[in-house]
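**Q** Numbering (my numbering), first residue to last: 13 to 431. All C-beta atoms, glycine included, are put in the ideal place defined by N, C-alpha and C.
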Ligand code: MN
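The following block contains the structure:
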């Protein structure tokens, strides 16, 4: 199955993908679009032309609000219908758009000509901690190998509530945060720019259909609540985090910035890359237990480019399938107490580390808390320096095509000057 719009074979944005995003077009107008090869296809325009049959939301067009929340709230049947209709309109053997130059000019534009924005209004953001390797590495560094995993870790997907206001789109640069830390565990803490700024390689799922307050989501239905996924960089100031996190968890060491990739790859597009999740021992409680636990085979990479380097250097290669807790388990756990999820809520996976040192998803682990400098091109790093550009990328490899996420990137700016 092919499109009349050409797609390079290595492109993340194949005809099988059609990820959704929000961009600025025609000067200032926010449009909902899908990516296809080197182009965007304007879904807002297609709906306005009457070429999509989507139920309206309280009398307004679903793709007219400049964010994907209304569409997310429609649910899986509508998501599938719209995807099928877009594939039909863009298919190589379909003439409606292909042979109408005027129509095509309104709908199709080079991807480089548009500015990508955050794809949805994110009401709430949760960050899980679902990689056994990451939790073990961090626990070993902070508590010792014999106490690496806390007693709860194998029984529930641990998480904390993050902050939605500082979630930023890829390309927005990140200023090194100022804050309080206690590097030598002395009697008094110090204040200043973070000395151990880090990335965390994560993916995140956008909630589509939510649940009513007080109504849990059974694990058997959990996946139907998810609209799609993005890449996420959970920027972390390790020195601030280490001092502040006791006893309530991450706060200012995390909430200065969280970057996401602009294209939401739908769960439908990920379906061919569904694989069995790693076995769990002990078996979790019944509300977290599904007969066939599934995850996705998504290849992940992180690159760092210093200000004086002329190319990005790869520092990590991992895979989403390494995670111990699945998306379905995260959703079922999040709602088991009746907590209501809403369209546009973002559920991040936690740092996705794998079994080998090359697959560790943070500088904290790669440099083993700063004790082993990491080779970055011709340079070395323990943590990130001002001017470093961090790029994360992810894709599923199909037979002759890719379903990819593009990238999430940002450059570290120096800390704000003191008055
Ligand atoms: Mn995290």
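1. Based on the DSSP secondary-structure assignment, which residues constitute the bridge partners of residue 316?
2. Within the continuous alpha helix (DSSP H) that includes residue 100, where are the two ends?
3. Using only the alpha-carbon positions, how far apart do residue 110 and residue 409 sit?
4. Is it buried or exposed for residue 303, if we count other Cβ within 10 angstroms and need 16 for buried?
5. Looking at the unbroken beta strand (DSSP E) that takes in residue 218, where does it start and where does it end?
6. Put residue 54 into one of helix, strand or coil per three-state DSSP.
7. What does DSSP give as the partner residues of residue 38 in its beta bridges?
8. Which residue wins for smallest C-alpha separation from residue 407, given the options 329, 427 and 348?
9. When you get a sec, list the residues whose CB is within less than 6 angstroms of any heavy atom of the ligand MN, chain order please.
10. Using a threshold of 8 angstroms, state whether the C-beta atoms of residue 176 and residue 128 are closer than that.
11. Does the region 316 to 325 come close enough to the region 103 to 117 that 3 or more CB-CB pairs lie under 8 angstroms?
12. Exposed or buried, which one is residue 289 when buried takes at least 16 other CB atoms within 10 Å?
13. Can you tell me whether residue 167 is helix, strand or coil according to DSSP?
14. Nearest to residue 174 by CA position, among 53, 29, 271 and 319, is which residue?
15. Among 151, 233, 217 and 311, which has the Cα closest to the Cα of residue 498?
16. Just verifying my parser: in three-state terms, what is the DSSP assignment at residue 237?
17. Have a look at residue 89 and residue 211 and give me their C-alpha separation to the nearest angstrom.
18. Using 8 angstroms as the threshold, is the C-beta distance between residue 247 and residue 269 below it?
19. Excluding the 5 residues preceding and the 5 following residue 206 in the sequence, name in chain order all residues of the same chain whose CB lies nearer than 7 angstroms to its CB.
20. Ignoring anything shorter than 3 residues or poking outside the region 133 to 157, list the beta strand (DSSP E) runs there in chain order.
21. When the distance is taken between beta carbons, is residue 15 closer than 8 angstroms to residue 413?
22. Please determine if the region 73 to 84 and the region 110 to 123 are in contact, where contact requires at least 3 C-beta pairs separated by less than 8 angstroms.
23. Per DSSP, what kind of secondary structure is residue 270 in: helix, strand or coil?
24. Helix, strand or coil: how does DSSP classify residue 358 here?
25. Going by DSSP, what residues sit across from residue 173 in a beta bridge?
26. Considering only DSSP beta bridges, list what residue 185 is partnered with.
27. If we ignore side chains and look at the alpha-carbon of each, how far apart do residue 148 and residue 160 end up?
28. Confirm, please, whether the CB-CB distance from residue 186 to residue 358 is below 8 angstroms.
29. State yes or no: is the C-beta of residue 332 within less than 8 angstroms of the C-beta of residue 215?
**A** Taking the coordinates as given:
1. As a working note, residue 316 is residue 304 in the chain shown. Paired residues: 325 and 402.
2. By one-based count along the chain shown, residue 100 stands at place 88. For residue 100, the uninterrupted alpha helix (DSSP H) segment begins and ends at 88 to 102.
3. Counted from its first residue, the chain shown places residue 110 at position 98. Counted from its first residue, the chain shown places residue 409 at position 397. Roughly 28 angstroms separates the two Cα atoms.
4. Position 291 of the chain shown, counted from the first residue, corresponds to residue 303. Residue 303 should be labelled exposed.
5. What you label residue 218 is simply residue 206 of the chain shown in a count that begins at 1. Start and end: 213 to 219.
6. Translated into the one-based positions of the chain shown, residue 54 becomes position 42. Correct three-state label for residue 54: strand.
7. Stepping through the chain shown from its first residue, residue 38 is reached at position 26. Its beta-bridge partners do not exist; DSSP assigns none.
8. For the purposes of this step, residue 407 is identified with residue 395 of the chain shown, where counting begins at 1. When each option's Cα is compared against that of residue 407, the closest is 329.
9. Each of 139, 212, 214, 246, 362 and 363 has a C-beta closer than 6 angstroms to some heavy atom of the ligand MN; these make up the full list, in chain order.
10. Against the chain shown, residue 176 aligns to sequence position 164. Against the chain shown, residue 128 aligns to sequence position 116. Contact annotation: residue 176 and residue 128 have beta-carbon atoms that are not nearer than 8 angstroms.
11. No, they do not touch.
12. The residue given as residue 289 occupies position 277 in the chain shown. Around the CB of residue 289, 16 or more other CB atoms lie within 10 Å, so the residue is classed as buried.
13. Translated into positions along the chain shown, residue 167 becomes position 155. Three-state result, residue 167: coil.
14. The residue labelled residue 174 in the question sits at position 162 within the chain shown. Taking only the C-alpha atoms, the option nearest residue 174 is 271.
15. Missing from the structure shown is residue 498; the chain here goes from 13 to 431 and no further.
16. Indexing the chain shown from 1 puts residue 237 at position 225. Helix, per DSSP.
17. Position 77 of the chain shown, counted from the first residue, corresponds to residue 89. Position 199 of the chain shown, counted from the first residue, corresponds to residue 211. So the alpha carbons of these two residues sit roughly 37 angstroms apart.
18. Along the chain shown, read from residue 1 onward, the residue named residue 247 stands at position 235. Along the chain shown, read from residue 1 onward, the residue named residue 269 stands at position 257. A contact, by the Cβ cut-off of 8 angstroms.
19. Here residue 206 is taken as the residue at index 194 of the chain shown, counted from 1. Cβ neighbours of residue 206 beyond the five flanking positions: 188, 189, 191, 249, 251 and 252.
20. Runs found: 137 to 140.
21. As a working note, residue 413 is residue 401 in the chain shown. As a working note, residue 15 is residue 3 in the chain shown. No.
22. Contact fails between the region 73 to 84 and the region 110 to 123, because fewer than three Cβ pairs, one in each stretch, are under 8 angstroms apart.
23. The count along the chain shown starts at 1 and reaches residue 270 at position 258. The answer is strand: DSSP assigns residue 270 an E or B state.
24. By one-based count along the chain shown, residue 358 stands at place 346. When DSSP states are grouped into helix, strand and coil, residue 358 belongs to the strand group.
25. Position 161 of the chain shown, counting from 1, holds the residue named residue 173. Its beta-bridge partners are 138.
26. The residue given as residue 185 occupies position 173 in the chain shown. None; residue 185 has no bridge partner.
27. Sequence index remark: in the chain shown, residue 148 carries index 136 (1-based). Sequence index remark: in the chain shown, residue 160 carries index 148 (1-based). Residue 148 and residue 160: Cα-Cα distance of roughly 5 angstroms.
28. As a first step, residue 358 is located in the chain shown; it is residue number 346 there, counting from the start. As a first step, residue 186 is located in the chain shown; it is residue number 174 there, counting from the start. No; because the gap between Cβ atoms is not below 8 angstroms, this pair is not in contact.
29. The residue you call residue 332 lines up with position 320 of the chain shown. The residue you call residue 215 lines up with position 203 of the chain shown. Yes, they are a contact pair.
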